[in-house]
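Chains as they are written, first to last, in my numbering: chain A, 463 to 1263; chain B, 25 to 251.
Written out as structure tokens, the structure reads:
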């Protein structure tokens, strides 16, 4: 056992602290090349990560950068800086600690490059930028350790892939580099360890004592949850009562729009004027910081929030977590519950609030999964190639590189361990020449190969543009919202939403109703004169799809003879469904058909999650159109797709034939808006499209053209181009999620049960109330335009022109 | 044909859904702002290599319009090339294709702000040209009975924004014809101040659709890439 240096021993004793077993374990294994620590929130995780470094730096011998700390949030880096400086100052240790993020000043950044601190706290993007400088070898040559905090959150996104590529670069610059990952509870620690380690080195996983099981329950109210919707307005009085009974409550929502509505309604009902705040990613930074400060100071009784509070910033004394709406994903639920009772070894308390009747079933399933420690998650695919392309460009900014050496370095990243040389060369070719079938850029290659075989930028000035485009966070089209005649910024809304506003419209932002006045230099100007019912701001961030594991659990529940664990109103509903039709089964697709309101309906229960069911709706209606069944529209939820049309479907089984669905998928993809957005994301990361920077964003520049044009052009003239391959690959997941349609087809193997009824079934009924109905356009687009034109011409009295 | 026929300054015109203007009485086809070689210029200047297919895509469209209208004269109304170097860098295939399109008809390159000098690709080079009652030039002037381009107008209808012809009794502004072109919304002051009366817009797309332009407050413009 490695003993703590006396200064530390005394400091712990003075505070009445003991070294936790997992902190000791980290200290004992300080020399391991990689370590992954899995610990619940409040377990002294960060200190455990830093203890080996702090003890190594005690003697004041190390010169330059010793440890790099990377976290997904700027705020977290700043938070850790404060928390770390306290013990360092109190123990009088000769250690310099600084952070470096997008908010750090230019002078400070320059100084840090010339004279790096011992411990540098940063984000994946700032680190990638650092590695792109010519002097990176000098900055990092003495680096001993890298600590990746909240690695479970990073590992889920491309930011994690970019980070691991950067760390692999650092490993070359500092061969003795050791890695520490700090993670919340996850379903598959080995997968994260594989991503963290320098492949093929092993990575030991240290599990901290998870603490006592949380105390989770589902909210029961006298009032029954509604049949559909996500607002959970019925639960407001009960939620307020819980807020009253607890010290600080976090009220989590799955979407920002829902958080805004709930917050608005909560205040309307808040007769006691309890101090309640709102926090989500679309709010202005100042506004979020104010809420954060008030919370740390213990001034708030509750915060209505979204995923923006998911990560491990210390928010003080939270003693209750309320989750509004089914959690959709058990792992996220467990991590959120961990936010309550930050004190180690005290059980966290959480309440789930189903927003509608089906969510009662989902919440009960999630509760059981959480109690059984059965976490969910989809295995992550191989390292994305758009991120690799950006990495190659970053490498080129740093100076000439050799393809063999860079390939070897990339292969040492777990996610890219299976990358073939051919795939790497494709990415390199894309960076060098654009990778087009038409070799048009011989004269203007971005990268050139020197006589010695090194690759370098043709024009060194290009480095500047590449650096400005570093990062993998999706560029969202948002506009700032500001009070008219004031500087106060309230937050952001999606550009698409702003485009639907006409002066006088009202919407919710930051919990207040505001009135749209006009647009000024890409800023939405509003006044605080909300007296009408607000339109709702549509924020970016889509609804989460129910996880595969949770869907499976619900299908298993459906096999039970009765449901003592469900409230009576919900159990009766399922019984009624069983009586008049069937309950869906995991290994078959249930299709109900019935007439309603003069239209023929089919409802297909696939349980593939919202995004996949939406895609299925597109594909099925497309097939029905081909079969002259005249579909008119559809709507999708996590478990079913409801389609209405003019003709009855007599035999639905052929609609689900895999080859036909797959062929339809290919056709549908080419014209799809989601694909175009996916393409834009990948093309921006890979450096084909440059991010539009604030200073270049002006209203109506004719030099600007949409990336959709590039997608259409590539699809037509170069369909096998790397960017389209990447786009198709991503369509298997995310918003298109064809992967889960395939999973559904595999588990059901063509077994389609068709139940013909004369009226709507209990399970299908809520779908009629769902928002987000999609009309089947067919050839209707141009007809709609013509009709609108005709109407305008009529109104203007010029229809005979 | 899905074009929209109208009369402008006593001249019969058809706005084709592609964004070309056909004058049947003069056997004339006019296209504006082709911006050929845009991908080449962007690569040269920034290192970003866009799909190099915009020349092909634009010429395909032009060929199809020429095939349907069989004009005696083609006017390219300026900014035909993204810059003069882009004209020089046109591949042999594309130059050959262009000369095939030029064969047997009169071809006029009007100078634009992107391509102010002559290019070595056949046809004649002019700052402006008058045909019948109309004058064709790149950027709108104070003169009436004028057809111009330059602004890449777009118009929004039923939630969709498309390249559009804009005209009033005295001037007509052509949409950009090139594959890699963006546009300026019809409601921007720069465009609105060019028209004395309420202009008409003819949207391009599958069919050309005419609508009156109503004064609307500015809306957020769709964000694309800027170079």
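Think of the CB as a built atom: it goes at the ideal place given N, C-alpha and C, for glycine as much as any other residue. Quick caveat: nothing in here was measured; it's all calculated off a predicted structure.
Checklist entry - Skipping 5 residues on each side, what residues in its chain have a beta carbon closer than 8 Å to that of residue 1244 (chain A)? => result With a pLDDT of 49 at residue 1244 (chain A), under the threshold of 50, the predicted position of this residue should be treated as unreliable, though the coordinate-derived value follows. Once the five neighbours on either side are set aside, residue 1244 (chain A) has no close Cβ partner at all.
Next on the checklist: For a contact defined as C-beta to C-beta under 7 Å, what are the partners of residue 205 (chain B) on chain A?
Outcome noted: 1167
Checklist entry - How many angstroms separate the CA atom of residue 4 (chain B) from the CA atom of residue 1236 (chain A)? => result Residue 4 (chain B) lies beyond the range of chain B shown here (25 to 251); nothing can be said about it.
Checklist entry - Using a Cβ cut-off of 8 Å, which residues of the stretch 146-171 of chain B contact any Cβ in chain A, in chain order? => result none
Checklist entry - Which one of A:1010, A:1149, A:1098, A:973 has the shortest CA to CA distance from residue 895 (chain A)? => result A:1149
Checklist entry - Is residue 104 (chain B) near residue 60 (chain B), with beta carbons less than 8 Å apart? => result yes
Next on the checklist: So, with DSSP's three-state summary, where would you put residue 35 (chain B)?
Outcome noted: strand
Checklist entry - Based on Cα-Cα distance, which residue from A:748, A:747, A:743, A:738 lies nearest to residue 757 (chain A)? => result A:738
Checklist entry - Which residue spans inside the stretch 691-760 of chain A form an unbroken beta strand (DSSP E) run of at least 3? => result 711-714, 738-741
Item to check | Residue closest to residue 53 (chain B), alpha-carbon to alpha-carbon, out of B:39, B:163, B:64, B:184 | outcome: B:39
Next on the checklist: Suppose you measure from the CA of residue 526 (chain A) to the CA of residue 786 (chain A); what does that come to, to the nearest Å?
Outcome noted: 48 Å
Next on the checklist: Please classify residue 621 (chain A) as buried or exposed, where buried requires at least 16 neighbouring CB atoms within 10 angstroms.
Outcome noted: buried
Checklist entry - Would a C-beta distance cut-off of 8 Å place residue 132 (chain B) and residue 163 (chain B) closer than the cut-off? => result no
Next on the checklist: Which of the three DSSP states is assigned to residue 125 (chain B) in this structure?
Outcome noted: helix
Checklist entry - How many angstroms separate the CA atom of residue 28 (chain B) from the CA atom of residue 198 (chain B)? => result 14 Å
Checklist entry - Residues of chain A with CB under 7 Å from residue 143 (chain B), in chain order? => result Within 7 Å Cβ-Cβ: nothing; residue 143 (chain B) doesn't reach chain A, min ~18 Å.
Item to check | Exposed unless 16 or more other CB atoms sit within 10 angstroms - verdict on residue 112 (chain B) | outcome: exposed
Item to check | Neighbourhood of residue 491 (chain A) by C-beta, 7 Å cutoff - its chain only, sequence neighbours within 5 removed | outcome: 497, 666
Item to check | Contact list for residue 39 (chain B) against chain A, beta-carbon separation under 9 Å | outcome: Within chain A, no residue comes near residue 39 (chain B); the closest Cβ sits about 13 Å away, beyond 9 Å.
Checklist entry - On the premise that residue 1108 (chain A) lies in contact with residue 1094 (chain A), defined as a C-beta separation below 8 Å, what is that separation, rounded to the nearest angstrom? => result 7 Å
Item to check | Within 8 Å, strictly: CB atoms of residue 779 (chain A) and residue 800 (chain A) | outcome: no
Next on the checklist: What ranges does the beta strand (DSSP E) occupy inside the stretch 876-912 of chain A, keeping only unbroken runs of at least 3 residues that lie completely in it?
Outcome noted: 909-911
Checklist entry - What separation, rounded to the nearest whole angstrom, lies between the Cα atoms of residue 1013 (chain A) and residue 817 (chain A)? => result 17 Å
Item to check | Where residue 1151 (chain A) sits in the DSSP three-state scheme | outcome: coil
Checklist entry - Can you name the start and end residues of the alpha helix (DSSP H) that residue 1177 (chain A) belongs to? => result 1169-1179
Checklist entry - For residue 1232 (chain A) versus residue 1103 (chain A), is the C-beta spacing smaller than 8 Å? => result no
Checklist entry - Exposed or buried, which one is residue 552 (chain A) when buried takes at least 16 other CB atoms within 10 Å? => result exposed
Checklist entry - For residue 188 (chain B), is the classification buried or exposed, using 16 other Cβ atoms within 10 angstroms of its Cβ as the cut-off for buried? => result buried
Checklist entry - residue 840 (chain A) to residue 1071 (chain A), Cα distance in whole Å? => result 13 Å
Item to check | Assumed close pair residue 916 (chain A), residue 959 (chain A) - CB separation to whole angstroms, cut-off 8 Å | outcome: The Cβ separation is near 49 Å, so there is no contact.
Checklist entry - Going along the chain, which residues of the stretch 66-95 of chain B sit with their C-beta nearer than 8 Å to a C-beta in chain E? => result Absent here is chain E; the protein component of the structure consists of chains A and B.
Checklist entry - Looking only at its own chain, which residues have a Cβ that is under 7 Å from the Cβ of residue 721 (chain A), when we skip the five neighbours before and after it? => result 715, 740, 742, 766, 767, 768
Checklist entry - Taking all protein chains shown into account, do 16 or more other C-beta atoms lie within 10 angstroms of the C-beta of residue 1185 (chain A), making it buried, or fewer, making it exposed? => result buried
Checklist entry - Are the C-beta atoms of residue 900 (chain A) and some chain B residue less than 8 Å apart? => result yes
Checklist entry - Measuring CA to CA, which of A:831, A:511, A:1207, A:654 is closest to residue 876 (chain A)? => result A:654
Checklist entry - For residue 215 (chain B), which residues from the same chain have a beta carbon less than 8 Å from its beta carbon, with the 5 sequence-adjacent residues on both sides left out? => result 175, 177, 190, 197, 208, 209
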